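All remarks here apply to the structure that follows.
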Amino acid sequence: MITLKNINKSFGELDVLNDISIQFEAGKTNLIIGQSGSGKTVLLKSIIGLLDVDTGYIYYDDRDFTNMNFKDKKEIRKEMGMVFQGGALFDSLSVEENVKFPLDMFSAMSEDEKKERVSFCLDRVDIKKAHKLYPAEISGGMQKRVAIARAIALNPRYLFCDEPNSGLDPVTAIVIDQLIQEITKEYNMTTIINTHDMNSVMEIGEKILFINKGVKAWEGCSDEIFDTENQALNNFVFASNLFKKIKSKL
Amino acid sequence: MSFFENIGQYILFLKRVVSKPEKGRVFFAQIIKEIYKLGVNSVGIVVIISVFMGAVISLQTAYNLVNPLLPDYLVGYTTRESMILEFSSTIVGLILAGKVGSNIASEIGSMRVTEQIDALEIMGINSASYLIFPKIIAAVFINPFLYVLSVFVGITGGLMASYMAGTVSVPDFIYGVQVDLIPYYIIYSLIKTLVFAFIITSVPSFYGYYVSGGALEVGKASTKAVVNSSILILLANLILTQLLLK
Ligand SMILES: Nc1ncnc2c1ncn2[C@@H]1O[C@H](COP(=O)(O)OP(=O)(O)O)[C@@H](O)[C@H]1O
Ligand SMILES: [Mg+2]
């Protein structure tokens, strides 16, 4: 469980996040949705501590992350896995070396145990034959899957994904979404996903935070999203003709 | 960003870089890899420019020695002194600032814009130290060898050119190379080489590390890195020469 209390963040004059409070639950895929530029990435990076918030609190279960010293933060970081927007695989390392990397840095495993863990994680994301290839040699969808494998290598309690299916075709995007959801359930992780993709919202939106211009504008789940009176959310959800048509047929 | 802000940020950056590595074994492996990337891969360019520069210096000296009172061995002597004092340290340093510097700035810069650096940070790794400290250590270790190689190859180039152009005899040249050698000059140049190695790796890393934006900004950072590390090398050359040869 991750709890945010009154998060504020600005860059100079620009107020990016304004008084955001919410609770993200374990074992669920929690989504942060909103238009491009609405502050999703800034919020996610603030939660994981890549950016410092101006005011407010972030709790990892009951641990106050905001006021934690560097050493304790580092310990919590070992419980986090993150899938970045572009995958962010290390391009000087092969697929299997990428997944092995966190194990090399932080585990006390023997080489054999590491090997086993790497194959397990790659199997889990359905990467079969690309172990020796480099990130530049595999497709975008495979890169995302390898990034997921790397993120779960150390069995994290918290998983973060920034637009995990941006740049993917709709079929691959849904496969990635479902994979993230399955893994979340399997390990009872607290998973937070940034997205602006309505397919993801419908597919895995167990808990949704909608931010509009840096403000929390709505909170709920995918079943409730069609019936909302919230104007900003309606504009966001029914931006495409496809969804407008679906709504008119309902 | 103003000049002084830049310097302040650079110093803070160095403080982050020079910190205890996460895992000794991984760190050591990184250093070996960087020695190969920064050192061994530069042997070719160092040999080529040194051989040509040595050759040109020997020919220029020979063709300028019109006064018959000046001994022929001065050609070998001048070639050696030029290589030892200035060429193999400063000029090689400038060339490496171009080759190694642009390489480092674009490598680190593209890791920044593709969020690979964030990926390290979220794992709880000090990315600045992990990525850059091994480069600095590797260059500081390997560049003195490049210096020695450059001196040796440059003198050989001078000898070959003299022989082929028939300017001075081989024994005269070799006598000139050996005469009046001041070992302290080699030490002076080795110290310069160490400082340049530090500049060539740390300055481009700094520019790469703080890139924001995309591929275009990485290119710009790489240009800035090369220009500024070259200027710093020239400045350091001046200061060290005044300090060490006074
Ligand atoms: N490091 C930064 N410095 C200044 N402004 C930033 C920075 N990062 C993001 N912003 C601004 O914050 C706003 C939200 O950006 P972001 O969180 O990336 O949006 P998105 O919802 O598309 O992920 C944008 O206006 C962006 O320009
Ligand atoms: Mg974003």
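Chains A and B are the protein sequences, given in the same order. What the first sequence shows, in this note's numbering, is residues 11 to 260, in sequence order. What the second sequence shows, in this note's numbering, is residues 4 to 249, in sequence order. Note that CB positions come from ideal geometry on N, CA and C, so glycine has one too. Just so it is clear, the structure is predicted and the values come from calculations on it, not from any experiment.
According to DSSP, simplified to helix, strand and coil, what is residue i?
i                           : result
phenylalanine 7 (chain B)   : helix
valine 93 (chain A)         : strand
lysine 227 (chain B)        : helix
lysine 38 (chain A)         : coil
glycine 49 (chain A)        : coil
valine 26 (chain A)         : strand
phenylalanine 55 (chain B)  : helix
valine 211 (chain A)        : helix
glycine 177 (chain A)       : coil
threonine 205 (chain A)     : strand
aspartate 172 (chain A)     : strand
serine 92 (chain B)         : helix
glycine 216 (chain B)       : coil
leucine 62 (chain B)        : helix
alanine 249 (chain A)       : coil
alanine 163 (chain A)       : coil
threonine 182 (chain A)     : helix
leucine 17 (chain B)        : helix
phenylalanine 236 (chain A) : coil
asparagine 240 (chain B)    : helix
glycine 160 (chain B)       : helix
lysine 23 (chain B)         : coil
serine 233 (chain B)        : helix
valine 50 (chain B)         : helix
glycine 59 (chain A)        : coil
Check this for me: beta carbons of residue i and residue j, under 7 Å apart or not?
i                           : j                           : result
glycine 42 (chain B)        : methionine 86 (chain B)     : no
leucine 193 (chain B)       : proline 147 (chain B)       : yes
alanine 58 (chain B)        : alanine 228 (chain B)       : no
glycine 66 (chain A)        : isoleucine 162 (chain A)    : no
valine 206 (chain B)        : asparagine 231 (chain B)    : yes
valine 93 (chain A)         : proline 174 (chain A)       : yes
isoleucine 86 (chain A)     : phenylalanine 170 (chain A) : no
isoleucine 132 (chain B)    : glutamate 124 (chain B)     : Correcting the residue type first, residue 132 (chain B) is serine in the shown sequence and not isoleucine. Their beta carbons are not under 7 Å apart, which means serine 132 (chain B) does not touch glutamate 124 (chain B) by this criterion.
aspartate 75 (chain B)      : aspartate 183 (chain B)     : no
lysine 124 (chain A)        : lysine 110 (chain A)        : yes
leucine 178 (chain A)       : glycine 151 (chain A)       : yes
phenylalanine 116 (chain A) : asparagine 108 (chain A)    : no
alanine 224 (chain B)       : alanine 141 (chain B)       : no
isoleucine 202 (chain A)    : phenylalanine 34 (chain A)  : yes
lysine 195 (chain B)        : serine 92 (chain B)         : yes
glycine 44 (chain A)        : isoleucine 221 (chain A)    : yes
leucine 247 (chain B)       : isoleucine 202 (chain B)    : no
arginine 155 (chain A)      : isoleucine 137 (chain A)    : yes
glycine 211 (chain B)       : valine 116 (chain B)        : no
phenylalanine 90 (chain B)  : methionine 56 (chain B)     : yes
glycine 224 (chain A)       : asparagine 18 (chain A)     : no
phenylalanine 248 (chain A) : lysine 255 (chain A)        : no
valine 105 (chain A)        : leucine 143 (chain A)       : yes
tyrosine 66 (chain B)       : glycine 179 (chain B)       : no
Spell out the partners DSSP gives residue i in its beta bridges.
i                           : result
tyrosine 210 (chain B)      : Note: tyrosine 210 (chain B) sits in no beta bridge, so no partner.
asparagine 18 (chain A)     : A:Thr65
phenylalanine 220 (chain A) : A:Ile43, A:Trp228
glutamine 33 (chain A)      : A:Thr13
threonine 200 (chain A)     : A:Tyr168
Taking the alpha carbon of residue i as the point to measure from, which residue in the options has its own alpha carbon closest?
i                           : options                                : result
leucine 219 (chain A)       : A:Lys19, A:Ser31, A:Lys83              : A:Ser31
serine 215 (chain B)        : B:Lys36, B:Tyr39, B:Gln119, B:Asn67    : B:Gln119
lysine 38 (chain A)         : A:Lys255, A:Leu243, A:Lys217           : A:Lys217
threonine 13 (chain A)      : A:Asn108, A:Ala242, A:Tyr168, A:Phe100 : A:Tyr168
aspartate 187 (chain A)     : A:Glu229, A:Asn204, A:Tyr197           : A:Asn204
phenylalanine 155 (chain B) : B:Ile52, B:Ala168, B:Phe7              : B:Ile52
leucine 149 (chain B)       : B:Asn44, B:Thr204, B:Thr81             : B:Asn44
glycine 97 (chain A)        : B:Met114, B:Ile98, B:Ile94, B:Ala100   : B:Met114
glutamate 220 (chain B)     : B:Lys23, B:Ser105, B:Val49             : B:Ser105
threonine 226 (chain B)     : B:Ile185, B:Phe144, B:Lys102, B:Met167 : B:Lys102
isoleucine 139 (chain B)    : B:Ala200, B:Val180, B:Gly222, B:Gly79  : B:Ala200
glycine 49 (chain A)        : A:Asp64, A:Ser20, A:Phe248             : A:Ser20
serine 233 (chain B)        : B:Ile94, B:Lys36, B:Ala65, B:Arg28     : B:Ile94
aspartate 71 (chain A)      : A:Asp62, A:Leu61, A:Lys226, A:Met199   : A:Met199
tyrosine 213 (chain B)      : B:Pro186, B:Ile135, B:Val151, B:Val198 : B:Ile135
valine 171 (chain B)        : B:Val49, B:Ser61, B:Tyr188             : B:Ser61
glutamine 12 (chain B)      : B:Ile34, B:Leu152, B:Ser208            : B:Ser208
Taking only runs of the alpha helix (DSSP H) that begin and end inside the region 70-146 of chain A, which ones reach a length of at least 4 residues, in chain order?
-> Those alpha helix (DSSP H) runs which fall completely within the region 70-146 of chain A and span 4+ residues are 80-87, 105-116, 121-134.
In chain order, which alpha helix (DSSP H) runs of at least 4 residues are fully inside the region 91-170 of chain B?
-> Taking only runs of at least 4 residues, the alpha helix (DSSP H) segments lying wholly in the region 91-170 of chain B are 95-116, 119-125, 130-168.
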